[in-house]
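Peer 1: Dropping the structure in here first, questions after.
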Amino acid sequence: MILKLIIFAVIAGFIYRLMGGNIPFIDKAKSKKSEHEFGEIEATSECASCGTYMTEDDALIYHKKSYCSTECVEKAKRLK
Ligand SMILES: [Zn+2]
Numbered sequence: 384m385i386l387k388l389i390i391f392a393v394i395a396g397f398i399y400r401l402m403g404g405n406i407p408f409i410d411k412a413k414s415k416k417s418e419h420e421f422g423e424i425e426a427t428s429e430c431a432s433c434g435t436y437m438t439e440d441d442a443l444i445y446h447k448k449s450y451c452s453t454e455c456v457e458k459a460k461r462l463k
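Using the working numbering, read the sequence shown as starting at 384 and increasing by one per residue.
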């Protein structure tokens, strides 16, 4: 009986670690925010127009430069 409990605890702990140590439904929003705070997973790039830093996922690429928003892309277009 005790052995069964230990095996169950080990399996539960293993599953918990597989999920990144977070309970998916409760910590989903939280864990995404912490990724941004630590900045280890996502690379950041600087907006070529206003200098704002954003993740490369959010960046808009125009003429091999990254911009934070369509407004900044439009600004860059007008300057040329
Ligand atoms: Zn910008």
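For glycine and all other residues, C-beta sits at the position ideal for the given N, C-alpha and C.
Should T438 be counted as a contact of ligand 1 given a C-beta to heavy atom distance under 7 Å?
Peer 2: Along the sequence shown, read from residue 1 onward, the residue named residue 438 stands at position 55. Not so, every heavy atom of ligand 1 lies at least 7 Å from the Cβ.
Peer 1: Quick check: does the Cβ of T453 come within less than 7 Å of any heavy atom belonging to ligand 1?
Peer 2: What you label residue 453 is simply residue 70 of the sequence shown in a count that begins at 1. No - ligand 1 has no heavy atom lying nearer than 7 Å to the Cβ of T453.
Peer 1: What I want to know is whether the C-beta of T427 ends up closer than 7 Å to one or more non-hydrogen atoms of ligand 1.
Peer 2: Translated into the one-based positions of the sequence shown, residue 427 becomes position 44. Answer for T427: no, Cβ out of range of ligand 1.
Peer 1: Look up E439 in the DSSP assignment and say whether it is helix, strand or coil.
Peer 2: Mapped onto the sequence shown, residue 439 falls at position 56. Coil, per DSSP.
Peer 1: Would S449 pass as a contact of C433 if the rule is Cβ separation under 8 Å?
Peer 2: Residue numbering aside, residue 449 sits at position 66 when the sequence shown is read from its first letter. Residue numbering aside, residue 433 sits at position 50 when the sequence shown is read from its first letter. Not a contact, by the Cβ cut-off of 8 Å.
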